[in-house]
Structures are given as C-alpha cells and as structure tokens.
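Q: Protein chains in written order, with this note's numbering: chain A, 16 to 298; chain C, -5 to 255. Beta carbons are placed, not taken as given, at the ideal position from N, Cα and C, and that holds for glycine. All values reported here derive from a predicted model rather than from experimental measurement.
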C-alpha cells in the first residue's frame, strides 16, 4: 500500500495532463493534416501541404508577431532592468512594498487593463484630446491603431514578468562582491559589466522566456489597440478556428507558431550558454 | 561619490515613474467608473456620479458573465487544488517511476502558449464532437492552473522536515491522521497560495476560454465582445470592486504573515 501511495497521488493529475494536454496536441496534429470544408466536415488525407499553404498565406502576420514580440521583449528588458536593479540594491527595507506596487496591475483583468489603454489613448480622450485642445498636437494625431500602440501594450502588459526574475537574480548578488571589485580599482561601470551583469543573466534569461512567448502569441493587444493593420498570428488563429471554422489551417498555424517559438528558445539558450540555462531552470 | 548618489536618486525617481505608468490604466478604470457620461462612449470626463454603482447589475448579460466567471473559477480552483496538491505531495515527498516524465509534463503545461493550449483543446473537442459549455471551460482552466498549484505545493513539501511526520507516526498516529494533523497544516500556506493563483488565473483568462466556451460567456469574453459597441461604465465599477477586494486580501495576507513571523 505504501509503495502505491505516490502513484495514487499522481494519478488524477496524470490523467488530466494526458487527456487534456497530450491527447489534444495529437488531435491538433491530426487535424492539421486533414482536408475538407466547414460544411461537409474534414477527413484525414495526410495533407502536409496544409503547412506550406497556411504559412504562405499568413507569413506576414507570423513574421510581424515575432517582430512585435521581440521588440516588446527588448523594450521590457531595457525598461525593466534598472527598476529591478534599484529595488534589489537600494530598496532597503521597502523592497516588498515596491514589488507589491509593481504587481498592482495584476489585480485588474488583463483585458480590462488593455481596454483602459484604449480609453486613455483614444483619439479625443483624456490624454490626446486634452493635448489637442491646448494645441500641442495636430488634430489628426493618433496613437491607437498603430504599431507603436500594440508594442507599447505588449510591453506594458508583460513588464512585471521581466522585472521579477531579474530582481530575484540581482537580490542574490552579495553587495560585498561588488565592493570587492571596486576595492580592486574597478570603476562603477566596470564592476557592473564584469560582476553584476553576468550574475544577473539567469534572471534575464528567465525574464525573456516569460515575456517573449506570451507576447508573441498574444491576440488581445493587437485586437484592442492595433486596429486593422497590425493583426498578429494569434488573431489569425482565433479567426480561422472560431469564425472561418477552417480547423486544418488554424491547427497548422498553431503548430508552426509553437515550433518557431521552441526553435527560438533553443537558439537563444545556446547563444546564452547552457550553464546559465540550467541554472535558470534549476530555480 | 557624488555622481553615484545622483545616479541612485535618478533611478529612484525612474522606479516611481514606472510604477506610475503601470498603475495609470487602473486609475483611469476607477475614475471612469464615476463618470457621468451621457452617450455610449466613455472617453471624456463629464462629471461625477455614483449612478453606475447603483445600477451595477442592470445589464443582465454582463451580470450573468460575471457570475459565470466566479462560478467557473470556484469550481476549477477546487478541482485544481485537490489534484494539484496530491501531485505536489507525490513529487515533493516520494520517489516513483515516471517522475521525470511528470516533471516534464508540468513544465510543458506552464510553458505552452495559451493560444496553442486553447487551439489544441478545441481540436480535441471538435474531433470528439464534445459540445462546448461551462464544463469545457472548467476543464481548460484546471489544465492551465494545475502546474502552478503543483509547483507551489511541491516547494512547500520539499521545505518540510520529514522527522515531524515520523514523530507523529512514532506517537501512534495513523497515516491519515498524520496527514490531517501534521502534513496538511504545514503545507497549508502553499496550498492557499496555489488556490489564490488558480482563482486569479481563471477569472482573468480570455485566450484559452475563447476557444472552448461554446455559447457560455465569461466576464473577460463579454468585455472583449463589447469593445466595438462601447464598454458600459458598470464594467469599470466591477473591475474597481474586484481590484479593491484583491488588494485587501493581499494586504491582509501580508499582515497576517508578518504577525505569524
């Protein structure tokens, strides 16, 4: 009986993960190779050309998603690192208060936060309308429905996921190590570049992973802030599945997206060095 | 050292600017819940009113969506916490065959993009002719919260001294008694953290839900559907109330934790 305990404990979760995580992936792989139409239904024909067709049709949106996701991740890194740095080294006794304030947005639904930006940035809303009223902006100036709005929205929505892992890594850096570097005549910049930055890389790695994947696959920011000319792959997959009922195309696109993200993570992991990755994964 | 101090002060101000940026849409949401707007569009300030608080439940579809979200979150959290705590115990305390695969599956469940998770679940349901309703939403929500509960509970179990349980057994407690009176209270903070996380993830989810909802509408789905016609101010009020309750719970938690320590 005692030997059986772990298996009994694991069984319900195993079943859940097998039936609703593994089997659906197989189902999606199968659907992605079918042909037919929404009315008569789809049948398995091992039509690998579905992938070529889907990627050919939506290569613009696929590349755009990677570009937007990448740029937003870069922006988060540049914006977030100094915040994590300051809280970790200078936050003193109020570290948890600063972290709590950074996490405040998570008490409001993701969708609602994005819509709030839509309010705030609307063409004649409180921000732009006021500035236009003062004559500081031309009357036709707008932010919504631009690339900038979508990348800005992605940056805004996922920023805390970049700051937290970097903070955790920096918080573990012993300030005495930095002092030692400075005692050995390193300038402040050199001490940062040669000591603090390398020690924080596992946090940067985790932060990039936690933000790039969801930002690239996110359909909400493009839908609410992007207008019609900034459609991302997430919006296409949603439309193909839910509106066009073109399941094979949508499945092929989902798999392509996942494959691209996995390859991206792998290349990135290699570029950053396996040790850092293992260290990051161990946390 | 003067430059150093100026740099620190600059970073201090910068940190507060980022906090202000992150909070600005929340301020807008709260403020426009008090906006005495006349037309459908709620983008300019037209005066203070408490009307939307009084008429909070006057849009039946919105109220239904909110209730759906809360019920789905409660049910999926209960299921997730039950099975996730069990797996967390197994992973943190026992050695068994398939542990490596299990760890991989837990990692995969966390790292699969929501979009792919939703799309693959819909593939399964379409292939199997499963009707989409609140049940399929609950299935999906348990799936994406499960790994988070497992991870938080496992962390707590790993930090637990096994000699406590041995002592209980030596004193004649049954296996179940030991679990109820020693193990469970000790891992309770992890279980509660997992439950709150799971509830928050469920209430907030739009992407996965949009694939498996059928004709059942949740709070986030309703809001996205209303974007084109204009978001009613009641949505701001509901968001404000949820925000207020969430923050109060978090602060209460922190105060309680400090008192215990």
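Taking just the CA atoms, how far does residue 175/A sit from residue 3/C?
A: As a first step, residue 3/C is located in the second chain; it is residue number 9 there, counting from the start. As a first step, residue 175/A is located in the first chain; it is residue number 160 there, counting from the start. Each residue's Cα considered, the two are about 22 Å apart.
Q: Please confirm if residue 249/C has its CB atom under 7 Å from at least one CB of chain A.
A: Locating residue 249/C in the second chain gives position 255, where the first residue counts as 1. It does not; no Cβ of chain A falls within 7 Å.
Q: Take the Cβ of residue 53/A as the centre, count every other Cβ of all protein chains shown within 10 Å, and call the residue buried at 16 or more, exposed below.
A: Taking the first residue of the first chain as position 1, residue 53/A is located at position 38. So residue 53/A counts as exposed.
Q: Rounded to whole angstroms, what is the Cα-Cα separation between residue 217/C and residue 197/C?
A: What you label residue 217/C is simply residue 223 of the second chain in a count that begins at 1. What you label residue 197/C is simply residue 203 of the second chain in a count that begins at 1. C-alpha separation (whole angstroms): 13 Å.
Q: Between the alpha carbons of residue 267/A and residue 47/A, how many angstroms are there, rounded?
A: Walking along the first chain from the start, residue 267/A turns up at place 252. Walking along the first chain from the start, residue 47/A turns up at place 32. Distance between the alpha carbons of residue 267/A and residue 47/A: 5 Å.
Q: In the segment 213 to 255 of chain A, which residue ranges form an unbroken alpha helix (DSSP H) of at least 4 residues, counting only runs that do not cross its ends?
A: Entirely contained in the segment 213 to 255 of chain A, the alpha helix (DSSP H) runs reaching 4 residues are, in chain order, 235 to 240, 248 to 253.
Q: With DSSP collapsed to three states, give me the class of residue 256/C.
A: This structure leaves residue 256/C out entirely; chain C is present only between -5 and 255.
Q: Using beta-carbon positions only, say whether residue 208/C and residue 127/C come within less than 7 Å of one another.
A: Within the second chain, residue 208/C is the residue found at index 214, counting from 1. Within the second chain, residue 127/C is the residue found at index 133, counting from 1. Yes, the Cβ-Cβ distance between residue 208/C and residue 127/C is below 7 Å.
Q: Is there a C-beta anywhere in chain A that falls below 7 Å from the one on residue 142/C?
A: Here residue 142/C is taken as the residue at index 148 of the second chain, counted from 1. Chain A, which has no Cβ nearer than 7 Å to the Cβ of residue 142/C, makes this no.
Q: How long is the line joining the alpha carbons of residue 175/C and residue 165/C, rounded to whole angstroms?
A: The residue labelled residue 175/C in the question sits at position 181 within the second chain. The residue labelled residue 165/C in the question sits at position 171 within the second chain. Each residue's Cα considered, the two are about 13 Å apart.
Q: Just to make sure I have the definition right: I need the residues of chain A whose C-beta is within less than 8 Å of the C-beta of residue 103/C. Which are they?
A: To locate residue 103/C, count along the second chain from 1; it is residue 109. Ordered by position in chain A, the residues that pass the 8 Å Cβ test against residue 103/C are 32, 36.
Q: Would the segment 90 to 104 of chain A and the segment 234 to 247 of chain A be scored as touching if the rule is three or more Cβ pairs under 8 Å?
A: Cβ pair count under 8 Å is below three, so no.
Q: Can you pull the DSSP bridge partners for residue 59/A?
A: The residue given as residue 59/A occupies position 44 in the first chain. Answer by DSSP bridge pairing, in chain order: 49/A.
Q: When you compare only the Cα positions, how much space is there between residue 56/A and residue 78/C?
A: On the first chain, residue 56/A is found 41 positions in, with the first residue counted as 1. On the second chain, residue 78/C is found 84 positions in, with the first residue counted as 1. Rounded to the nearest angstrom, the two C-alpha atoms are 37 Å apart.
Q: Check whether the Cβ of residue 79/A lies closer than 7 Å to any Cβ atom in chain C.
A: For the purposes of this step, residue 79/A is taken as the residue at position 64 of the first chain. Answer no: the Cβ-Cβ gap between residue 79/A and chain C never drops below 7 Å.
Q: Cβ atoms of residue 135/A and residue 127/A: under 7 Å apart, would you say?
A: Residue numbering aside, residue 127/A sits at position 112 when the first chain is read from its first letter. Residue numbering aside, residue 135/A sits at position 120 when the first chain is read from its first letter. Cβ atoms of residue 127/A and residue 135/A: not closer than 7 Å.
Q: Given this structure, state the Cα-to-Cα distance separating residue 152/C from residue 185/C, to the nearest angstrom.
A: The residue you call residue 152/C lines up with position 158 of the second chain. The residue you call residue 185/C lines up with position 191 of the second chain. Residue 152/C and residue 185/C: Cα-Cα distance of roughly 13 Å.
Q: Between which two residues does the alpha helix (DSSP H) carrying residue 152/C extend?
A: Position 158 of the second chain holds residue 152/C. Counting along the chain, the alpha helix (DSSP H) containing residue 152/C begins and ends at 128 to 152.
Q: Can you pull the chain C residues whose beta carbon is under 7 Å from the beta carbon of residue 256/A, in chain order?
A: Position 241 of the first chain, counted from the first residue, corresponds to residue 256/A. Under the 7 Å cutoff, chain C gives 113, 116, 205.
Q: Residue 29/C bridges to which residues according to DSSP?
A: As a working note, residue 29/C is residue 35 in the second chain. Answer is 42/C.
Q: Straight-line CA distance for residue 189/A to residue 112/A?
A: As a working note, residue 189/A is residue 174 in the first chain. As a working note, residue 112/A is residue 97 in the first chain. About 21 Å.
Q: Between 41/C, 6/C, 52/C, 17/C, which lies nearest to residue 228/C when the distance is taken from Cα to Cα?
A: As a working mapping, residue 228/C is identified with position 234 in the second chain. It is 52/C whose Cα lies nearest to the Cα of residue 228/C.
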